[in-house]
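Visitor: Just so you know, we're using UniProt numbering here: the sequence shown kicks off at 1 and counts up by one.
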Amino acid sequence: MVKIDNIELPDFPLLLAPMEDVSDPPFRALCKEQGADVVYTEFVSSEGLIRNAAKSVMKLDIYEKERPVGIQIFGANLDSMLQTIDIVEKSNPDIIDINFGCPVKKVVSKGAGAGILKDICLMEKLTAEMVKRTNLPITVKTRLGWDHESIKIVEVAERLQDVGCKAISIHGRTRAQMYKGNADWKPIAEVKNNPRMHIPIFGNGDVDTPEKAQEMRDSYGLDGAMIGRASIGNPWFFKQVKHYFETGEHLSPISLAERIEAARRHLQMSIDWKGPVLGVFETRRHYTNYFKGIPHFKEYRMKMVTSDKAEDVFATFDEVLDKFADYQFTH
Numbered sequence: 001m002v003k004i005d006n007i008e009l010p011d012f013p014l015l016l017a018p019m020e021d022v023s024d025p026p027f028r029a030l031c032k033e034q035g036a037d038v039v040y041t042e043f044v045s046s047e048g049l050i051r052n053a054a055k056s057v058m059k060l061d062i063y064e065k066e067r068p069v070g071i072q073i074f075g076a077n078l079d080s081m082l083q084t085i086d087i088v089e090k091s092n093p094d095i096i097d098i099n100f101g102c103p104v105k106k107v108v109s110k111g112a113g114a115g116i117l118k119d120i121c122l123m124e125k126l127t128a129e130m131v132k133r134t135n136l137p138i139t140v141k142t143r144l145g146w147d148h149e150s151i152k153i154v155e156v157a158e159r160l161q162d163v164g165c166k167a168i169s170i171h172g173r174t175r176a177q178m179y180k181g182n183a184d185w186k187p188i189a190e191v192k193n194n195p196r197m198h199i200p201i202f203g204n205g206d207v208d209t210p211e212k213a214q215e216m217r218d219s220y221g222l223d224g225a226m227i228g229r230a231s232i233g234n235p236w237f238f239k240q241v242k243h244y245f246e247t248g249e250h251l252s253p254i255s256l257a258e259r260i261e262a263a264r265r266h267l268q269m270s271i272d273w274k275g276p277v278l279g280v281f282e283t284r285r286h287y288t289n290y291f292k293g294i295p296h297f298k299e300y301r302m303k304m305v306t307s308d309k310a311e312d313v314f315a316t317f318d319e320v321l322d323k324f325a326d327y328q329f330t331h
C-alpha cells in the first residue's frame with residue numbers, strides 16, 4: 001500500500017497528470033472509471049484565482065466520483081499562493097499539489113512552474129508556508145532541474161520532504177529539455193533510494209506502454225506512475241496497465257463501439273460542464289487518439305475537429321460507427 005498522508009492507495013498507484021485543457025472533470029471522470037487511482041485538475045493560476053478570473057475559478061470544480069482528487073496550483077508569490085490555499089480549501093479537494101515543473105515560457109517567465117527550479121530556497125519556503133496554511137496534504141510536481149548542469153533533485157526532494165511535503169511526482173526531464181528527448185528515470189530512482197526519504201516518489205514522463213509502467217515499478221523501484229500524454233484520447237490506458245500487471249498479458253484492443261461510446265460521453269459531459277461552444281472546442285484534441293489507426297480516416301477526423309455544433313460531431317460519430325463497423329484495432 002502507498003499512502004499520501006492519510007490517503008491510502010493501492011500498491012503502485014496510477015495517477016492522472018495535471019494537463020492544461022485536458023485534465024478537466026469530463027476527462028477525469030473517464031480516467032477514473034478506467035482505473036486511475038488519483039486524478040489531478042488542470043493547473044490553476046494563483047494570480048488568476050485571487051483575481052477571481054472565471055477560467056481559474058472554473059478549474060476548482062471537482063466531484064465526489066473523482067476522489068481522491070488533487071487541485072494543482074502554480075505561482076511564485078508567497079502571499080498569492082497562501083490566499084490561493086484559502087480559496088482552494090473551499091472546494092474540499094483531497095490533496096493540494098504545487099506545480100514546480102511546468103516548462104511553458106509564459107509560466108516560467110514569471111518565476112513559476114519550472115522557473116522556480118532556479119531558486120531552490122524559494123521553492124522550499126513556498127512549500128513550507130503552504131504546508132503550515134492547511135491541514136490538507138501538500139504534494140509537489142517538479143522536474144529534474146533547470147538544465148542538465150543544475151540537477152539537484154535528490155537534495156530538492158529532501159528539502160521538500162523536510163518542510164512537510166507528503167509526496168513528490170518527478171518528470172524525468174529538465175526544463176531545458178521541455179518535452180524533447182527521452183525522460184531519464186535514473187535520477188528519480190536516486191531520490192527514491194535515498195535512505196532519508198520516506199514519502200511516496202512518483203515517476204512521470206514517457207510512461208506510454210504497460211511495459212514501461214512495469215519497468216518504472218520493478219527496475220526503478222518507484223512508488224507509482226503519473227500518466228500524462230499516453231492517456232489523451234485513451235482513458236483505457238490505466239486499465240491496460242493494471243491488466244498487464246495482473247496477468248502479464250495485454251488487454252484486448254478497445255473496440256470501435258467502446259471508443260465511440262467514450263467519445264460521445266466525453267463530448268456530452270464537456271457540453272454539460274462548459275456549455276455548447278467550449279464543450280465542442282475543447283474536446284477536439286482527443287479525437288485523433290480515440291480513433292488512431294483507422295485507415296482513410298482523415299475526412300471524418302476533419303469533420304470532428306472543424307464542426308462547431310455538437311449535433312454535427314455526434315452525427316459524425318454515427319457515420320464512423322457505420323462506415324468502419326468491421327475495423328479491428330490491433331492495440
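Where is the CB? At the ideal position from N, CA and C, for every residue including glycine.
Since the structure is predicted, the reported quantities are computational estimates derived from the model, not experimental observations.
Assuming Lys-141 is part of the beta strand (DSSP E), what are its boundary residues?
Guide: Within the sequence shown, residue 141 is the residue found at index 141, counting from 1. Start and end: 138-143.
Visitor: Tell me, please, which residues DSSP counts as bridged to Asp-97.
Guide: The sequence position of residue 97 within the sequence shown is 97, counting from 1. According to DSSP, which records beta bridges pairwise, Asp-97 is partnered with Gln-72 and Thr-139.
Visitor: Assuming Ile-120 and Arg-159 are in contact, meaning their beta carbons sit under 8 Å apart, how far apart are those beta carbons, in whole angstroms?
Guide: Taking the first residue of the sequence shown as 1, we reach residue 120 at position 120. Taking the first residue of the sequence shown as 1, we reach residue 159 at position 159. Contact flag correct, Cβ pair sits at about 7 Å.
Visitor: Starting from Glu-8, follow the beta strand (DSSP E) in both directions and report where the run begins and ends.
Guide: Sequence index remark: in the sequence shown, residue 8 carries index 8 (1-based). Element bounds for Glu-8: 7-9.
Visitor: How many angstroms separate the CA atom of Pro-18 from the CA atom of Gly-164?
Guide: Here residue 18 corresponds to residue number 18 of the sequence shown, with the count starting at 1. Here residue 164 corresponds to residue number 164 of the sequence shown, with the count starting at 1. Rounded to whole angstroms, Pro-18 to Gly-164 spans 21 Å at the Cα level.
Visitor: For Phe-74 and Gly-113, I'd like the C-alpha separation in whole angstroms.
Guide: Within the sequence shown, residue 74 is the residue found at index 74, counting from 1. Within the sequence shown, residue 113 is the residue found at index 113, counting from 1. So the two alpha carbons sit approximately 6 Å from each other.
Visitor: Taking Val-191 and Val-154 to be in contact with their CB atoms under 8 Å, please state how far apart those CB atoms are, rounded to whole angstroms.
Guide: Along the sequence shown, read from residue 1 onward, the residue named residue 191 stands at position 191. Along the sequence shown, read from residue 1 onward, the residue named residue 154 stands at position 154. The pair is a contact, with the Cβ atoms about 5 Å apart (cut-off 8 Å).
Visitor: Shortest alpha-carbon distance to Pro-210 belongs to which of Phe-238, Ile-188 and Gly-203?
Guide: Residue 210 sits at position 210 when you count from the first residue of the sequence shown. Looking at the Cα atoms, Phe-238 is the closest of the given residues.
Visitor: Which residue marks the beginning of the beta strand (DSSP E) containing Met-226, and which one marks its end?
Guide: Indexing the sequence shown from 1 puts residue 226 at position 226. Boundaries of the beta strand (DSSP E) harbouring Met-226: 224-227, taken from the DSSP string.
Visitor: For my contact list, residue 332 and Met-216 are in at a C-beta cut-off of 8 Å; report their separation, rounded to the angstrom.
Guide: Only positions 1 to 331 of the chain appear in this structure, which leaves residue 332 out of reach.
Visitor: What number of angstroms, rounded off, separates the C-alpha of Ile-168 from the C-alpha of Asp-272?
Guide: Stepping through the sequence shown from its first residue, residue 168 is reached at position 168. Stepping through the sequence shown from its first residue, residue 272 is reached at position 272. If I take the Cα positions, the gap works out to 33 Å.
Visitor: May I have the straight-line CA-CA distance separating Leu-144 from Arg-28, to the nearest angstrom?
Guide: Counting from one through the sequence shown, the residue named residue 144 turns up at place 144. Counting from one through the sequence shown, the residue named residue 28 turns up at place 28. A straight line joining the alpha-carbon of Leu-144 with that of Arg-28 spans about 26 Å.
Visitor: Which residue from Thr-84, Trp-146 and Ile-151 puts its Cα closest to that of Arg-133?
Guide: Stepping through the sequence shown from its first residue, residue 133 is reached at position 133. Nearest C-alpha to Arg-133: Thr-84.
Visitor: With H, G and I counted as helix, E and B as strand and the rest as coil, what does DSSP make of Tyr-40?
Guide: Sequence index remark: in the sequence shown, residue 40 carries index 40 (1-based). DSSP places Tyr-40 in strand when its eight states are reduced to three.
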